[in-house]
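Participant:
4 protein chains.
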Amino acid sequence: MFVLVNLKAYPCDPIEVAEAAAEVADDTGVRIAVAPQAAHLDRVAETGVETWAQHVSPVEYGSHTGSTLAEAAADAGAVGTLLNHSENRLKLADIDASLRAAERADLETVVCANNPRQIAAAAALDPDAVAVEPPELIGTGTPVSKADPDIVTDSVDAAASVSDVPVLCGAGISTGEDLDAAAGLGAEGVLLASGVAKADDPKAALEALVDPVV
Amino acid sequence: MFVLVNLKAYPCDPIEVAEAAAEVADDTGVRIAVAPQAAHLDRVAETGVETWAQHVSPVEYGSHTGSTLAEAAADAGAVGTLLNHSENRLKLADIDASLRAAERADLETVVCANNPRQIAAAAALDPDAVAVEPPELIGTGTPVSKADPDIVTDSVDAAASVSDVPVLCGAGISTGEDLDAAAGLGAEGVLLASGVAKADDPKAALEALVDPVV
Amino acid sequence: MFVLVNLKAYPCDPIEVAEAAAEVADDTGVRIAVAPQAAHLDRVAETGVETWAQHVSPVEYGSHTGSTLAEAAADAGAVGTLLNHSENRLKLADIDASLRAAERADLETVVCANNPRQIAAAAALDPDAVAVEPPELIGTGTPVSKADPDIVTDSVDAAASVSDVPVLCGAGISTGEDLDAAAGLGAEGVLLASGVAKADDPKAALEALVDPVV
Amino acid sequence: MFVLVNLKAYPCDPIEVAEAAAEVADDTGVRIAVAPQAAHLDRVAETGVETWAQHVSPVEYGSHTGSTLAEAAADAGAVGTLLNHSENRLKLADIDASLRAAERADLETVVCANNPRQIAAAAALDPDAVAVEPPELIGTGTPVSKADPDIVTDSVDAAASVSDVPVLCGAGISTGEDLDAAAGLGAEGVLLASGVAKADDPKAALEALVDPVV
Chain A
115 MFVLVNLKAY
125 PCDPIEVAEA
135 AAEVADDTGV
145 RIAVAPQAAH
155 LDRVAETGVE
165 TWAQHVSPVE
175 YGSHTGSTLA
185 EAAADAGAVG
195 TLLNHSENRL
205 KLADIDASLR
215 AAERADLETV
225 VCANNPRQIA
235 AAAALDPDAV
245 AVEPPELIGT
255 GTPVSKADPD
265 IVTDSVDAAA
275 SVSDVPVLCG
285 AGISTGEDLD
295 AAAGLGAEGV
305 LLASGVAKAD
315 DPKAALEALV
325 DPVV
Chain B
115 MFVLVNLKAY
125 PCDPIEVAEA
135 AAEVADDTGV
145 RIAVAPQAAH
155 LDRVAETGVE
165 TWAQHVSPVE
175 YGSHTGSTLA
185 EAAADAGAVG
195 TLLNHSENRL
205 KLADIDASLR
215 AAERADLETV
225 VCANNPRQIA
235 AAAALDPDAV
245 AVEPPELIGT
255 GTPVSKADPD
265 IVTDSVDAAA
275 SVSDVPVLCG
285 AGISTGEDLD
295 AAAGLGAEGV
305 LLASGVAKAD
315 DPKAALEALV
325 DPVV
Chain C
115 MFVLVNLKAY
125 PCDPIEVAEA
135 AAEVADDTGV
145 RIAVAPQAAH
155 LDRVAETGVE
165 TWAQHVSPVE
175 YGSHTGSTLA
185 EAAADAGAVG
195 TLLNHSENRL
205 KLADIDASLR
215 AAERADLETV
225 VCANNPRQIA
235 AAAALDPDAV
245 AVEPPELIGT
255 GTPVSKADPD
265 IVTDSVDAAA
275 SVSDVPVLCG
285 AGISTGEDLD
295 AAAGLGAEGV
305 LLASGVAKAD
315 DPKAALEALV
325 DPVV
Chain D
115 MFVLVNLKAY
125 PCDPIEVAEA
135 AAEVADDTGV
145 RIAVAPQAAH
155 LDRVAETGVE
165 TWAQHVSPVE
175 YGSHTGSTLA
185 EAAADAGAVG
195 TLLNHSENRL
205 KLADIDASLR
215 AAERADLETV
225 VCANNPRQIA
235 AAAALDPDAV
245 AVEPPELIGT
255 GTPVSKADPD
265 IVTDSVDAAA
275 SVSDVPVLCG
285 AGISTGEDLD
295 AAAGLGAEGV
305 LLASGVAKAD
315 DPKAALEALV
325 DPVV
């Protein structure tokens, strides 16, 4: 299982979460990555944790003020990027262009989508993985694996019908039980945010999360 | 072959083009539709021509000021809608929602896209048809069937790999030869705009266009 | 007082509301306009009511698929347009370009904004009027004149500091008392929507609304 | 004069430009700041140069994946931010919200705009400065001070009519002569990009630029 912790614009200490993630990954062998604000990529990467961007812009080098250039993210230590998160929806053509930008910069990619139909569409654009996150469950604490397990299995089927891209499961994931349920539904990873980023003890939260797969 | 004439925001007389299209469709049996500005749907539909919207918004009935509600377009006489035209790119989630809106209002749908990869993604969202329009050729007068025939055949293959959705061919189509070439590459229709909308004699332009398939 | 009834994408009968508005305007001498979906402009204008667009695009004649061309709206009978409604926020440069588009087509303009600072900014772009609509009150039934009277008087002052553009008052307006309160705070008109569009009897709702100024 | 060097998404070495800017600022006493990609803020700030963000998002702490949080930019060393650059146009309401976000994080602000009318609108939102950049001149090498001096003086007048906010001059600035001309037209600073970022010798380019005001 791949655990991707999205720090969004939370008022957390990104270094504390990064160090916790690096330690838990080392201790357990579970792959854990942290996606901070672009301005924090550098310092998060210095902790040694696998570092991801939350987004890269659909642009190449050039006149693009205010963009997040894939090469700049990579330069600051990112090895992957989320794209089309429900809080940052992109145009279809821009998901494609952002994927090509990420490829140029050797960033691994996860494209988020709402439902199995959009998952198939995202898979057709040839990312490294897709993540199904029903928007109505994000931030609720109700895991998609419990609230709507069919959406996960249907997404796994939809992705498989287009290519062999792995499916991550987002929205409402916070406990080891959620992670286990996601794995049972065919997900090869989880996307989570507040469950770790807002935890009093991020390290303990991560340890409890990955416990079922250790 | 299906011929869809997009009037964009051209300074043409939409009624003149609509009447020409209705006559040529009647005379030749070729399916021809006209997509005017939303504010002109009513009057274009009154000519008896098959009338399409250029876009419908990804919304249901509700508080959506400035939207183009699918039901209002249908009410004014539209029987289909373009979506995601290169001049009106949509978010992936919004293409999906606009398709569902169009379904609710019984509008047929054509989703535009730039390249075979995006064509496959669009096809995965279950429209009635997709249209490949390389943005660099739009408005050039150089038909995609000549400038880049592989993009058409690859789009037909990409769409077929996902579903059995027909592919239209846009960008630079204006003559009967272009239409013929598009058909030869596997396209089941063409999307065109200035070649008819800006013609001195739209009826003659349409007659010449459909001549090879009559 | 100017009463502008925004039909949004409501499932109302636009002709019924238009006819009611035309009658009440005739009977009372109060200026009342109706802003339907673009696809309904034609039929609403045919009722004789003052007809407004809900939005026009920041474009001139040309290749703008899915736009709402100011000239097309005017052609269909619109004599004015809302811009930058909180459900259709525009870029600063696009408000400017849409205002110039509306001018070209002889459409009167009302630019909406959230707060006095944005009202001053909108006024600087030289519209015919501005409308203050705190987004948190839209659709609540709580009139801004009651919930936050200072925002109205501050908006009137802010607009006056930049130019002599009149201020309309939106958000939560539905009764004659609300209209009266808005006038008392310096507003020269009201923007309303559900209070009329969703009323069982739109004519009665409008009569009650304008009663204090008849 | 304030010199703000925007590195956009150029393939330059941000550290080299930052070090050059820091040295020239030290040597000449001219205020010079550098605005790199968000992912480079940290390392640019470490050079000691005055460091600006190219953009901050109109958000507070919270669930905003892919945003550029003002606090994160400040945390990485930014002391100011551009907003509404012509390559990153914002909604009017979002310029306002981004300005408030920047204030919260103690970032100085410069809001860009196309023309005197938009400059007045931007000034009404209470930034620390505004910058006039006619989009047709950006990247041309033709300075606005030469191509269209009236747009600069009209912008200075427009800003003054709303508040006492200083006006910077962008678009096509690259030489000392351009800077001098901008100052002569009432600008209190210049915004430039390729003239320094793409120079073979950024330090020499900056020295030549500021020479007239040393």
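Chains as they are written, first to last, in my numbering: chain A, 115 to 328; chain B, 115 to 328; chain C, 115 to 328; chain D, 115 to 328. Where is the CB? At the ideal position from N, CA and C, for every residue including glycine. Predicted, not measured: the structure shown is a model, and the values here were computed from it.
1. Look up Glu130/B in the DSSP assignment and say whether it is helix, strand or coil.
2. Could you check the C-alpha separation between Asp325/B and Tyr124/B for me, to the nearest Å?
3. Within its chain, find whatever has a CB closer than 6 Å to the CB of Arg145/B; leave out the 5 residues flanking it on each side and keep chain order.
4. Do the stretch 126-143 of chain D and the stretch 151-169 of chain C meet, that is, are 3 or more Cβ pairs less than 8 Å apart?
5. Mind listing which residues of the stretch 219-230 of chain B have their C-beta closer than 8 Å to chain A's C-betas, in chain order?
6. Count the other CB atoms within 10 Å of the CB of Val328/B; is the residue buried (16 or more) or exposed (fewer)?
7. Quick one, are the C-beta atoms of Ala207/B and Asn228/A less than 7 Å apart?
8. Counting contacts by CB-CB distance shorter than 7 Å, is Glu133/A in contact with chain D?
9. Kindly list, in the order they appear in chain A, the residues whose Cβ is closer than 9 Å to that of Val310/D.
10. Can you tell me the Cα-Cα spacing of Val266/A and Pro248/A, whole angstroms?
11. Quick check on Lys122/D - is its C-beta less than 7 Å from some C-beta in chain A?
12. Between the Cα of Ala261/D and the Cα atoms of Asp268/D, Val270/D, Ser269/D, Leu251/D, which residue gives the shortest distance?
13. When DSSP labels each residue in this structure, what does Gly284/A get in the three-state scheme?
14. Runs of 3 residues minimum, wholly inside the stretch 252-302 of chain D: which ones carry the beta strand (DSSP E) assignment?
15. Just the Cα atoms here: how many angstroms apart are Thr256/B and Pro280/B?
16. Taking Cβ-Cβ distances below 9 Å as the criterion, which residues of the stretch 175-196 of chain D are in contact with chain A?
17. From Ala136/B to Asn120/B, what does the alpha carbon distance come to, in whole angstroms?
18. For chain A, check one thing: does any of its Cβ atoms lie closer than 7 Å to the Cβ of Gln232/B?
19. Run down chain B in chain order and give the residues with a C-beta less than 7 Å from the C-beta of Arg157/C.
20. Need the endpoints of the alpha helix (DSSP H) that Glu321/B sits in, please.
21. In the DSSP assignment, the alpha helix (DSSP H) including Ala238/D goes from what residue to what residue?
22. Within the 7 Å Cβ cut-off, does Glu247/A reach chain D?
23. Under the assumption that Leu223/C contacts Lys122/B (Cβ atoms under 8 Å), give the Cβ distance between them as a whole number of angstroms.
24. According to DSSP, what are the bridge partners of Arg145/B?
25. Using beta-carbon positions only, say whether Ala274/A and Ala235/B come within less than 7 Å of one another.
26. Skipping 5 residues on each side, what residues in its chain have a beta carbon closer than 7 Å to that of Lys317/D?
27. Strictly below 9 Å CB to CB, what residues from chain A border Pro257/D?
28. Could you tell me whether the Cβ of Asn202/D comes closer than 7 Å to any Cβ of chain A?
29. Consult DSSP for Glu201/A and reduce its assignment to one of helix, strand or coil.
30. Thinking Ala152/C and Leu196/C are a contact (beta carbons under 8 Å), I'd like their distance in whole angstroms, please.
31. Just checking Pro230/B against the ligand MG - is the residue's beta carbon closer than 6 Å to any of the ligand's heavy atoms?
32. Return helix, strand or coil for Asp194/A, following the three-state DSSP convention.
33. Helix, strand or coil for Val328/D, going by three-state DSSP, please let me know.
34. Which of the three DSSP states, helix, strand or coil, is assigned to Glu160/B?
35. Please compile the residues from chain A whose C-beta is within a distance smaller than 9 Å of the C-beta of Ala313/D.
36. Do you know offhand how far Ala296/D's Cα is from Leu204/D's?
Facilitator: On the basis of the coordinates in this document:
1. Three-state DSSP puts Glu130/B in a helix.
2. One C-alpha to the other measures close to 25 Å.
3. Apart from the 5 residues on each side of it in sequence, Arg145/B sits with its Cβ closer than 6 Å to the Cβ of Phe116 in its chain, given in chain order.
4. No, they do not touch.
5. Of all residues in the stretch 219-230 of chain B, only Ala227, Asn228, Asn229 come within less than 8 Å of chain A when Cβ atoms are compared, listed by chain position.
6. Answer is exposed; the Cβ neighbour count stays below 16.
7. Less than 7 Å separates the beta-carbon of Ala207/B from that of Asn228/A.
8. Not closer than 7 Å to any Cβ of chain D, the Cβ of Glu133/A fails to qualify, so no.
9. Residues of chain A passing the Cβ test: none, with the nearest at roughly 14 Å.
10. One C-alpha to the other measures close to 10 Å.
11. With 7 Å as the cut-off, Lys122/D counts as an interface residue toward chain A.
12. Selection Asp268/D, Val270/D, Ser269/D, Leu251/D evaluated against Ala261/D yields Leu251/D as nearest (Cα-Cα).
13. Three-state DSSP puts Gly284/A in coil, outside helix and strand.
14. Taking only runs of at least 3 residues, the beta strand (DSSP E) segments lying wholly in the stretch 252-302 of chain D are 281-283.
15. If you draw a straight line from the Cα of Thr256/B to the Cα of Pro280/B, it comes to about 23 Å.
16. Considering only beta carbons, the part of the stretch 175-196 of chain D lying closer than 9 Å to chain A consists of Tyr175, Gly176, Ser177, His178, Thr179, Gly180, Ser181, Thr182, Leu183, Glu185, Ala186, Ala187, Ala188, Asp189, Ala190, Gly191, Ala192, Leu196, in chain order.
17. Using only the alpha carbons, I get a separation of about 14 Å.
18. At least one chain A Cβ lies under 7 Å of Gln232/B.
19. Think of a sphere of 7 Å around the beta carbon of Arg157/C: the chain B residues whose beta carbon falls inside it are Asp156, in chain order.
20. Looking at the DSSP string, the run of the alpha helix (DSSP H) that includes Glu321/B is 316-324.
21. Its alpha helix (DSSP H) spans residues 230-238.
22. So no, Glu247/A is outside the interface.
23. In the sequence as presented, Leu is not what sits at residue 223/C; that position holds Thr. The pair is not a contact, with the Cβ atoms about 24 Å apart (cut-off 8 Å).
24. When DSSP reads this structure, Arg145/B sits in a beta bridge with Phe116/B.
25. For Ala274/A and Ala235/B, no; Cβs fall outside 7 Å.
26. Within the same chain, Lys317/D has close Cβ partners Ala134, Glu137, Val138.
27. One finds nothing in chain A with a Cβ atom closer than 9 Å to the Cβ of Pro257/D; even the nearest lies about 17 Å away.
28. Yes, Asn202/D lies at the interface with chain A (some Cβ there is under 7 Å from its Cβ).
29. Glu201/A falls in the coil class under three-state DSSP.
30. The Cβ separation is near 12 Å, so there is no contact.
31. Ligands displayed in this structure: none; no statement on the ligand MG is therefore possible.
32. Strictly speaking, residue 194/A in this sequence is Gly, with Asp absent from that position. In the structure shown, Gly194/A falls within a strand segment according to DSSP collapsed to helix, strand and coil.
33. Looking at Val328/D - three-state DSSP - the assignment turns out to be coil, as it is neither helix nor strand.
34. DSSP places Glu160/B in the coil class of the three-state scheme, outside both helix and strand.
35. Neighbours of Ala313/D on chain A: none; closest Cβ ~16 Å, over 9 Å.
36. When rounded, the separation of the alpha-carbon atoms in Ala296/D and Leu204/D is 26 Å.
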